[in-house]
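Protein chains in written order, with the numbering used here: chain A, 310 to 753; chain B, 310 to 753.
By construction, the Cβ of each residue, glycine as well, lies at the ideal position given by its N, Cα and C atoms.
The structure appears right after this line, and notes come after that.
There are 2 protein chains.
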Amino acid sequence: MTQYLEAKRGNITPEMQTVAEAEFLEPEFIRREIAAGRLVIPANKNHLNSRKPDGGGLKPCGIGSALRTKINANLGNSGVASNADDEVDKVQYAVKYGADTVMDLSTGSEIDILRRNIIGSVSVPVGTVPLYQVCEELDDIVDMKPQDFLDAVAHQAEQGVDYMTIHAGLLQEHIPLTDSRLAGIVSRGGSLTAKWMVAHKQENPFYSHFDELCEIMREYDVTWSIGDGLRPGCLHDASDAAQFGELSVMGQLAKRAWEFGCQVMIEGPGHVPLDQIEMNMKRQQTECFGAPFYVLGPVVCDIAPGYDHITSAIGATLAAYYGAAMLCYVTPKEHLGLPDREDVRNGVIAYKIAAHAADVALKRPHCRERDDELSRARFAFDWEKQFALSLDPERAREYYNRSRLTACGETSPPAAHCDRYCSKCGPQYCALTTTQELQELRRQ
Amino acid sequence: MTQYLEAKRGNITPEMQTVAEAEFLEPEFIRREIAAGRLVIPANKNHLNSRKPDGGGLKPCGIGSALRTKINANLGNSGVASNADDEVDKVQYAVKYGADTVMDLSTGSEIDILRRNIIGSVSVPVGTVPLYQVCEELDDIVDMKPQDFLDAVAHQAEQGVDYMTIHAGLLQEHIPLTDSRLAGIVSRGGSLTAKWMVAHKQENPFYSHFDELCEIMREYDVTWSIGDGLRPGCLHDASDAAQFGELSVMGQLAKRAWEFGCQVMIEGPGHVPLDQIEMNMKRQQTECFGAPFYVLGPVVCDIAPGYDHITSAIGATLAAYYGAAMLCYVTPKEHLGLPDREDVRNGVIAYKIAAHAADVALKRPHCRERDDELSRARFAFDWEKQFALSLDPERAREYYNRSRLTACGETSPPAAHCDRYCSKCGPQYCALTTTQELQELRRQ
């Protein structure tokens, strides 16, 4: 049984119950959304069963356009950088700052052990791209046999992976459509899949073996994340025939996966100019029958390497506002190198901002209360409460402490009047203080 | 004569010519937009006249919704932090990274000398809030005589300030409308003005003396920036009766300033939820007869102190897309302290991204060419060209060099093959390389 099949049969599972509580929604509503294919709870049975008596282990999380916007953090080593320990550390850092799911995209050494350690150490759903493990075991992707891939999927499913990205929608007919692109195929999995197809002059093996894959996914209730192998890699390539040709196939595959009783998400772009984001989100919802859209950014300008957590958070906010269910973060190192711990932190916070800004705008239950509480604390100069309500309390405190030291010097005990301003305006120009003074004058 | 009066009389000034060339537009179009009040060229005659034979000095810059989106950087010391030298240094840093205008908002010591040094050292228009100088010369704003303020405006106009923010639209009737707010009056100038009004039980002196102010502004062609003293300081307070009451008066004042022959911009919020940004931009355009809208952010969520360059760049992108002409940057230190050099850099780049993303989406002439060129360089692994086309070449290079060192080690001469990947994917998983390999296979 899967969450989808349970929902179809009218059953509310404990996981649906948990999601309903977290989202301030009715369990029956959650069930209906899952049955309609509009909501997934990525929770591999083996990951769920590994839950510990102390409450450790997977906490089910719902992903769907009717819920709070979720964010994913991509992690994992490469063949030339980082190691297993550092990546587990980064995963925990990502979760600490609010990642709702993590993907282990390791392509370096010891990826099997690393994956097991990540699954064992976090409470959020874990996703993978199983093709990478196959590649690690071969000299060239061209040597892959389809059975190698099915075995890798079964192995990772057994390990407890909650969702898997498989680039099954990219067909032979789409490849020539990328000829007019500036950036070709920028999806790692997509480019490897296309290379195999071109070398063998055969159809996409994940498309050809889709039914067998569905059977494995159903057995463990691994959620499909149908990968967008042809996502645009620059503004120029956005919304082209290759991207939308693949999207249409992804929609058909979503339907097929539902017939097998699987849960399904659809992956999305990438790089998209601001004025095309709404159209992209609506088109996905139509072509993929409402399956949750899991987008990477999108980046809205190509000229800011070193700041792509910002270029993409702008696009991600709009994507979520127009219906994306989950936002895959982008770090400042995107296009330049593997992110370190601090990049992970900056990427996660930028995406918590994007998700929250969209949720506030969509008036999701109880979302703006935290903003209002923080604003009240700000007006009351209650710094500790401001920090506690912040997305990154350590950073807010660090900046304020530095400011306070400049503004007031180091006195022991700290001068209480210093709590009433910061170094930006000083005591004479704080608008909040002036407002409070004029309110007092009005009462006299 | 002012740019506005020249335009009204059908004359194309050298400044209009310069703006037309920079924007790839016809000089006659620029003239028409200025005459319609939809475009300003903040260029104080004394600042223009200080131009040097080597080409140094003010370079005229157009601000209007038909032009590329401009960004402003706020700088200046406070009574408790920074000094004149550091602030001049930050101003130059802001301009280096792309600020189109700067505002000197100093409230600390030696602000007269600091202002003169800033005007003398940069090629971009300089704005101020003249009220701060008046405050510096008094113990309490309540002691201000209207003539003190007129004198300060005349003095700064004579110094060459190109545009001035004066909070003339905030009326007595608006003050009680702020009672239901969480954050009161968060504009420094607005709160000081309101305090004076409450203490004296008199109407806003800048409103009462608006005509005299216009005469000074016209004499030097100082552009009005009618300050939004009642801008919302948190999501809760956005789009309330106080904000829109003031906005309506600002529109009337814009008309009055045009009657005097002055150029006019209107300042805007602040903190606005994502779903209210379009409405806010459209409402300003209607209420203020198309006068250029100069917005501060807006911040789209209140829970991320330490990251408000991001929360606000999201709002700023949408604001520009829906018609704002200039975006005032926000730094990571907003709400916490005075920005340092690095904060200025981060704020400026976040806003260059916002402005550019909007300009690309609005299909402004030649804007996307730089993105496409960078994407071509990326696909060709031409790192030097990528850096050169980046908004922050130093940072992109720094991140890439670190990545390359990890990926390839330090060899001398550097191994050429290392140019073909970064530490994120390594040589085996670079999608660009894989695309090039499969393109080669297809040609065979």
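- Rounded to whole angstroms, the separation of the alpha carbons of Val411 of chain A and Ile321 of chain A is 26 Å.
- By the rule that beta-carbons nearer than 8 Å mark a contact, Arg704 of chain A touches chain B.
- Across the structure, Leu479 of chain B and Glu512 of chain B are spaced so that their CA atoms are roughly 9 Å apart.
- Judged by DSSP in its simplified three-state form, Thr311 of chain B adopts coil rather than helix or strand.
- Chain A places no beta carbon closer than 8 Å to that of Ala375 of chain B, leaving this residue out of the contacts.
- Spatial neighbours of Ala670 of chain A in its own chain (CB-CB distance under 7 Å, excluding positions within 5 residues in sequence) are listed in chain order as Tyr630.
- Glu555 of chain B is outside the set of residues whose beta carbon lies under 8 Å from a beta carbon in chain A.
- Identification of residues in the segment 666 to 693 of chain B having a C-beta nearer than 7 Å to some C-beta of chain A yields Ala666, Ala667, Val669, Ala670, Arg677, Arg679, Asp680, Asp681, Leu683, Ser684, Arg685, Arg687 and Phe688, given in sequence order.
- In this structure, DSSP gives Phe602 of chain B an extended state, which the three-state scheme calls strand.
- Judged by DSSP secondary structure, Gly735 of chain B falls outside any alpha helix (DSSP H); it is assigned neither H nor E.
- The three-state secondary structure of Cys717 of chain B, taken from DSSP, is helix.
- Between Ser534 of chain A and chain B, the shortest Cβ-Cβ separation is not below 8 Å.
- Contacts between Tyr630 of chain B and chain A, judged by CB atoms closer than 9 Å, involve Leu583 and Asp584 in chain order.
- Secondary structure in the segment 569 to 651 of chain B: the alpha helix (DSSP H) runs of 4 residues or longer, each lying completely within the stretch, are 586 to 596 and 617 to 630 in chain order.
- Inter-residue distance for Val389 of chain A and Lys733 of chain B is about 8 Å (C-alpha atoms, whole angstroms).
- For Thr327 of chain A, the enclosing alpha helix (DSSP H) covers residues Pro323 to Glu332.
- When Cβ-Cβ separations below 8 Å define contact, Thr715 of chain B makes contact with chain A.
- Under the three-state reduction of DSSP, Thr742 of chain B is assigned to helix.
- With distances taken between CA atoms, Leu647 of chain B lies nearest to A:Tyr709 out of A:Glu651, A:Leu583, A:Asp611 and A:Tyr709.
- Comparing alpha-carbon positions, the option among B:Gly542, B:Ser430 and B:Met506 lying closest to Lys405 of chain B turns out to be B:Ser430.
- Counting the other Cβ atoms within 10 Å of the Cβ of Ala725 of chain B gives fewer than 16, which makes it exposed.
- Chain B has a Cβ within less than 8 Å of the Cβ of Lys642 of chain A.
- With distances taken between CA atoms, Gly554 of chain A lies nearest to A:Ile484 out of A:Ile484, A:Ile525 and A:Gly632.
- In the DSSP annotation of this structure, Val438 of chain B is not part of any beta strand (DSSP E), being labelled neither H nor E.
- Counting along the chain, the unbroken beta strand (DSSP E) around Leu384 of chain B starts and ends at Lys379 to Leu384.
- Asp421 of chain A: member of the alpha helix (DSSP H) spanning Ile420 to Ser430, first to last residue.
- Every alpha helix (DSSP H) stretch that sits fully inside the segment 489 to 519 of chain B and reaches 4 residues is listed by chain position as 497 to 509 and 514 to 517.
- By alpha-carbon distance to Ile658 of chain A, the top candidate from A:Leu645, A:Pro614, A:Glu703 and A:Leu683 is A:Glu703.
- Closest in C-alpha terms to Ala716 of chain A, from the list B:Asn386, B:Glu330 and B:Val349, comes B:Asn386.
- Ser699 of chain B sits in coil when the DSSP states are folded into three classes, being neither helix nor strand.
- Around the beta carbon of Ala689 of chain A, fewer than 16 other beta carbons lie within 10 angstroms, which makes this residue exposed.
- Between Asp471 of chain B and the set B:Glu528, B:Gly606 and B:Lys661, the nearest pair of CA atoms involves B:Glu528.
- Here the alpha carbons of Val443 of chain A and Asp452 of chain A stand approximately 10 Å from one another.
- Residue range Tyr472 to Ile475 is occupied by the beta strand (DSSP E) that includes Tyr472 of chain B.
- If you ignore the 5 residues before and after Ile623 of chain A, its C-beta comes within less than 6 Å of the C-beta of Val609, all in its own chain and listed in chain order.
- Gln594 of chain B sits away from Trp533 of chain B, with the two beta carbons spaced by 8 Å or more.
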